[in-house]
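Peer 1: This structure is in structure tokens; I'll ask about it shortly.
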Amino acid sequence: MITITLPDGAKKEFEAGVTALDIAKSISEGLARKVITAKVNGEVWDATRPIYNDAELFLLTWNDTDGKKTFWHSSAHLMAEAVEAAFPGVKFWVGPALDSGGFYYDMDLGDRKLSEDDLTALEKKMNELAKANNTYVRREVPKAEAIAHFTEKGDEYKLDLLSNLNDGEITFYTQGNFTDLCRGPHIPGTGIIKAIKLTNIAGAYWKGDEKNKMLTRVYGITFPSQKELDEHLAMLEEAKKRDHRKLGKELGIYTMDDDVGQGLIMWMPNGTVIIEQLEKLAKETEDAAGYKRVVTPHIAKESMYLTSGHLPYYADSMYPPMELEGEKYYLKSMNCPHHYKIFDAEPKSYRDMPYRIAEYGTCYRYEQSGELFGLMRVRCLHMNDAHIYCTKEQFAQEFKAVNDMYLKYFKIFGIEKYVMRLSLHDPEKLGQKYVNEPELWKETEDLVRSVLIETGAPFVEVKGEGAFYGPKIDVQIWSAIGREFTLATNQVDFAQPRSFKLSFTNQNNEPEIPLIIHRAPLGTHERFIGFLLEHYAGKFPVWLAPVQVKVLPISDKYLPYAKEVEKKLKRAGIRVEVDDRNEKIGKKIRDTELYKVPYMLVVGEKEMTESQVSVRRQGKGDAGVKGVDEFMQEILREIEEKADTVSN
200 MITITLPDGA KKEFEAGVTA LDIAKSISEG LARKVITAKV NGEVWDATRP IYNDAELFLL
260 TWNDTDGKKT FWHSSAHLMA EAVEAAFPGV KFWVGPALDS GGFYYDMDLG DRKLSEDDLT
320 ALEKKMNELA KANNTYVRRE VPKAEAIAHF TEKGDEYKLD LLSNLNDGEI TFYTQGNFTD
380 LCRGPHIPGT GIIKAIKLTN IAGAYWKGDE KNKMLTRVYG ITFPSQKELD EHLAMLEEAK
440 KRDHRKLGKE LGIYTMDDDV GQGLIMWMPN GTVIIEQLEK LAKETEDAAG YKRVVTPHIA
500 KESMYLTSGH LPYYADSMYP PMELEGEKYY LKSMNCPHHY KIFDAEPKSY RDMPYRIAEY
560 GTCYRYEQSG ELFGLMRVRC LHMNDAHIYC TKEQFAQEFK AVNDMYLKYF KIFGIEKYVM
620 RLSLHDPEKL GQKYVNEPEL WKETEDLVRS VLIETGAPFV EVKGEGAFYG PKIDVQIWSA
680 IGREFTLATN QVDFAQPRSF KLSFTNQNNE PEIPLIIHRA PLGTHERFIG FLLEHYAGKF
740 PVWLAPVQVK VLPISDKYLP YAKEVEKKLK RAGIRVEVDD RNEKIGKKIR DTELYKVPYM
800 LVVGEKEMTE SQVSVRRQGK GDAGVKGVDE FMQEILREIE EKADTVSN
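In this note's numbering, the protein residues as written are 200 to 847.
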């Protein structure tokens, strides 16, 4: 007998060789129908794989991230089976599940090209195969047998994968008539897959190397119900309308140019207004929280980045150095080292702690060309960055204050769904990917975890994704249509203070090393504005809108009065423009709606005579006739309250 420990701590005994699916059935048939895969001692396994030793078991369903990934990876194998049936002789490379949802499979079809009609036919075949409810069967295979199998098929792609594997590491998975080299895990059977959509055909170089052959990549997505697929496809259509690249161009937010360089954003006047408003919000918030503002250079000598560890760990993401007067200078990839130098510039005592400094610093990172994506992945970043130097005793309160700042911003921007992703180190990679200080890693990770638990913040833990100098929290947020974004990173640093020999004098008149909290609640302008464009569908709340009011004269006769209204609103600090084009009022209204300006003020004979304006609200239509002063006070109050009036 073996002992299985369930998530609630309950222990049950079973015969050796029991599967997670058997255990689920022993609890309830309803639970068993929902189980997709399982975690056995922290490792994701097939729900049908025998367990021979005592283990901790966590049953995974569609509602779990690992459950979804297993579902989609199994769907990739189902697609491969359909492709092989339609195109005998096809060779497959890899077919992973995607973090963003769905899957792809890279394949060599020889001289054949896939069309949209082929995708439709493949979907039909996949549905047929899914209904057969074939089981996914795992088999451990000796390396010699695996090599013989794929040599017979003439499959150089799988043979290449096998060259990096040893006996005991090789498994085949079979469902129906399809067998593939795969480490798994997989779902119990194809019948769980109820709704299928193949979404796209693309090209992909083998191993991502442009010197290699171009393979065909087919993307798809599947769900356990047709309803969920329909909702997903509707969300994709809405996402197309909210694409920040499309809206960024239409609304004059930003531009890029090959003569400037890939991934280097130029902010248009409308985008610059948004940046200035975000900076104003951040500065007001940080001033109230006791931060001091600093400004640092865009470059630094090589020696500083060697001390910080950025060169050893992040050299591939930094621009190459400039050599001047026998010295190497690098473009700033992080604000942190400059801020350490500011902390160290003057002696500090316990009376100065916590010491908080903030900067909207410009950083440069050499992202790979294939990874650049609109505002989301760029090479020049403007960061809402700050560093808090504190004692261990102050850490919990300071970390909580940072979390509270996030919550304030979430409320302002109407962000309702979020989670803190606590990224930890991997003990097996100390000295390689992480600073080799095992005791300090444990201490700081425990500190962060305890604060998250104490504050009730929703969080998940992820092993092996910490910063090289300490644990970090990635703040994951969801837009109004349910798309996930990484807003910002909040990091705890125990290594850099030692590297830079930072200290303060404690109450015993002895030097003490501070802890550092790195935080950037609004992330970068680039990523955050990209998120906001999608979140608001370009319909920014009034306080953030580039143009808050458009005055629309019915004809040129009323243009002087429109200019008077504009002048009065401008004096009050309202961003306002007059549409002085020789166009009919209907077109002016339609165009202003397209530019997503929150308020339109239509003026004609009656309005001019009575010093009034006819107010229209973006997306809502007529809001009545008001005096200019009355309207001005209402919009100023809305701006001051930062009311999120966007209609989603």
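By construction, the Cβ of each residue, glycine as well, lies at the ideal position given by its N, Cα and C atoms. Owing to the predicted nature of the structure, the values given are computational and were not obtained by experimental measurement.
#1: Comparing C-alpha positions only, which one of Y528, K527, R555 sits nearest to Y539?
#2: Are the CB atoms of L621 and E660 nearer to each other than 8 Å?
#3: Under DSSP, the beta strand (DSSP E) around L256 begins and ends at which residues?
#4: DSSP three-state label for L623, please.
#5: When you compare each of T791, Y518, K479, Y335 to D779 by their alpha carbons, which one comes out closest?
#6: Have a look at K412 and W405 and give me their C-alpha separation to the nearest angstrom.
#7: Shortest alpha-carbon distance to G367 belongs to which of E344, K352, T373?
#8: From the DSSP secondary-structure annotation, give me the bridge partner or partners of A687.
#9: Kindly list the residues whose CB is nearer than 6 Å to the CB of L849, restricted to its own chain and excluding five residues on each side of it in sequence; keep chain order.
#10: Going by DSSP, which residues form a beta bridge with L732?
#11: Output the boundary residues of the beta strand (DSSP E) element that contains I400.
#12: Cα separation between Q374 and G663?
#13: For T202, which residues in the same chain have their Cβ closer than 6 Å to its Cβ, ignoring the five residues on either side in sequence?
#14: Using only alpha-carbon positions, find the residue among D645, K805, V650 that is nearest to I753.
#15: Evaluate S274 with the Cβ neighbour count: other Cβ atoms within 10 Å of its Cβ, from every protein chain shown; 16 or more gives buried, anything less gives exposed.
#16: Between the beta-carbon of P713 and the beta-carbon of T704, is there less than 8 Å?
#17: Applying the 10 Å Cβ sphere with the 16-neighbour rule, what's the burial state of S507?
#18: Checking the sheet assignment: what are the DSSP bridge partners for T378?
#19: Which residue comes first and which comes last in the beta strand (DSSP E) that contains D584?
#20: Which class does A246 belong to by DSSP, given the choice of helix, strand or coil?
#21: Measure the beta-carbon distance from R248 to R338 and round it to whole angstroms, keeping in mind my assumption that it falls under 8 Å.
#22: Look at the alpha carbon of N583 and the alpha carbon of A296, and state the distance between them as a whole number of angstroms.
#23: Work out the CA separation of P496 and N689 for me, nearest whole Å.
#24: Just checking, does the stretch 721 to 740 make contact with the stretch 440 to 457 on the three C-beta pairs under 8 Å criterion?
#25: Classify N635: buried if its beta carbon has 16 or more other beta carbons within 10 angstroms, exposed otherwise.
#26: Using the Cβ count rule (16 or more neighbours within 10 Å means buried), how would you classify G229?
#27: Which of helix, strand or coil does DSSP assign to L414?
#28: In whole angstroms, what separates the C-alpha of K547 from that of Y490?
#29: For N363, does the count of other Cβ atoms within 10 angstroms reach 16, so buried, or fall short, so exposed?
#30: What are the uninterrupted segments assigned as beta strand (DSSP E) that are 3 or more residues long and contained completely in the stretch 726 to 813, given in chain order?
#31: So, using beta-carbon positions, are R648 and E558 closer together than 8 Å?
#32: What separation, rounded to the nearest whole angstrom, lies between the Cα atoms of N781 and Y760?
#33: In the DSSP output, what is P710 paired with across the bridge?
#34: What would DSSP say about T484, mapped onto helix, strand or coil?
#35: Is it a yes or a no for the stretch 344 to 363 touching the stretch 260 to 272, going by three-plus beta-carbon pairs under 8 Å?
#36: List the residues that DSSP assigns as beta-bridge partners of F291.
Peer 2: A quick look at the data gives this:
#1: On the sequence shown, residue 539 is found 340 positions in, with the first residue counted as 1. Looking at the Cα atoms, R555 is the closest of the given residues.
#2: The residue you call residue 621 lines up with position 422 of the sequence shown. The residue you call residue 660 lines up with position 461 of the sequence shown. Yes. Within cutoff.
#3: Stepping through the sequence shown from its first residue, residue 256 is reached at position 57. Taken as a continuous stretch (DSSP letters only), the beta strand (DSSP E) holding L256 covers 254 to 259.
#4: Here the question's residue 623 lines up with position 424 in the sequence shown. It is a strand residue.
#5: Here residue 779 refers to the residue found at position 580 when the sequence shown is read from its first residue. Checked all of T791, Y518, K479, Y335; the closest Cα to D779 is T791.
#6: Taking the first residue of the sequence shown as 1, we reach residue 412 at position 213. Taking the first residue of the sequence shown as 1, we reach residue 405 at position 206. Their backbone Cα atoms lie some 6 Å apart in a straight line.
#7: By one-based count along the sequence shown, residue 367 stands at place 168. Nearest option by C-alpha distance: E344.
#8: In the sequence shown, the residue the question calls residue 687 occupies position 488. Bridge partners of A687: V674.
#9: The shown model of the chain, from 200 to 847, leaves out residue 849, and the question about it has no answer.
#10: Position 533 of the sequence shown, counted from the start, is the residue given in the question as residue 732. Per DSSP, none; premise fails for L732.
#11: The sequence position of residue 400 within the sequence shown is 201, counting from 1. Here the beta strand (DSSP E) through I400 covers 394 to 404.
#12: In the sequence shown, residue 374 corresponds to position 175, counting from 1. In the sequence shown, residue 663 corresponds to position 464, counting from 1. Going from the Cα of Q374 to the Cα of G663 covers about 33 Å.
#13: Here residue 202 refers to the residue found at position 3 when the sequence shown is read from its first residue. Result list for T202: K210, E212, D253, in chain order.
#14: As a working mapping, residue 753 is identified with position 554 in the sequence shown. Residue K805 is the option with its Cα nearest to I753.
#15: Counting from one through the sequence shown, the residue named residue 274 turns up at place 75. Buried, since its Cβ has 16 or more Cβ neighbours within 10 Å.
#16: As a first step, residue 713 is located in the sequence shown; it is residue number 514 there, counting from the start. As a first step, residue 704 is located in the sequence shown; it is residue number 505 there, counting from the start. Cβ atoms of P713 and T704: not closer than 8 Å.
#17: In the sequence shown, residue 507 corresponds to position 308, counting from 1. Result: buried.
#18: In the sequence shown, residue 378 corresponds to position 179, counting from 1. Bridge partners of T378: T373.
#19: As a working mapping, residue 584 is identified with position 385 in the sequence shown. 579 to 589 is the extent of the beta strand (DSSP E) around D584.
#20: Taking the first residue of the sequence shown as position 1, residue 246 is located at position 47. Three-state result, A246: coil.
#21: Reading the sequence shown from its first residue, position 49 is the one you call residue 248. Reading the sequence shown from its first residue, position 139 is the one you call residue 338. That pair is no contact at about 11 Å.
#22: Within the sequence shown, numbered from 1, the residue matching residue 583 stands at position 384. Within the sequence shown, numbered from 1, the residue matching residue 296 stands at position 97. Rounded to the nearest angstrom, the two C-alpha atoms are 33 Å apart.
#23: Reading the sequence shown from its first residue, position 490 is the one you call residue 689. Reading the sequence shown from its first residue, position 297 is the one you call residue 496. Cα to Cα, N689 sits roughly 23 Å from P496.
#24: yes
#25: As a working mapping, residue 635 is identified with position 436 in the sequence shown. So N635 ends up on the exposed side.
#26: Indexing the sequence shown from 1 puts residue 229 at position 30. By the 10 Å Cβ count, G229 comes out exposed.
#27: Position 215 of the sequence shown holds residue 414. Correct three-state label for L414: strand.
#28: Position 348 of the sequence shown, counted from the first residue, corresponds to residue 547. Position 291 of the sequence shown, counted from the first residue, corresponds to residue 490. About 16 Å.
#29: What you label residue 363 is simply residue 164 of the sequence shown in a count that begins at 1. Looking at its Cβ environment, which holds fewer than 16 other Cβ atoms inside 10 Å, N363 is exposed.
#30: 748 to 752, 775 to 777, 798 to 802
#31: Counting from 1 along the sequence shown, the entry for residue 648 is found at position 449. Counting from 1 along the sequence shown, the entry for residue 558 is found at position 359. The answer is no: Cβ separation not under 8 Å.
#32: For the purposes of this step, residue 781 is taken as residue 582 along the sequence shown, with counting starting at 1. For the purposes of this step, residue 760 is taken as residue 561 along the sequence shown, with counting starting at 1. Their Cα atoms are separated by approximately 16 Å.
#33: On the sequence shown, residue 710 is found 511 positions in, with the first residue counted as 1. For P710, which the question treats as bridged, DSSP gives the partners T704.
#34: The sequence position of residue 484 within the sequence shown is 285, counting from 1. Looking at T484 - three-state DSSP - the assignment turns out to be helix.
#35: no
#36: Within the sequence shown, residue 291 is the residue found at index 92, counting from 1. Answer is M306.
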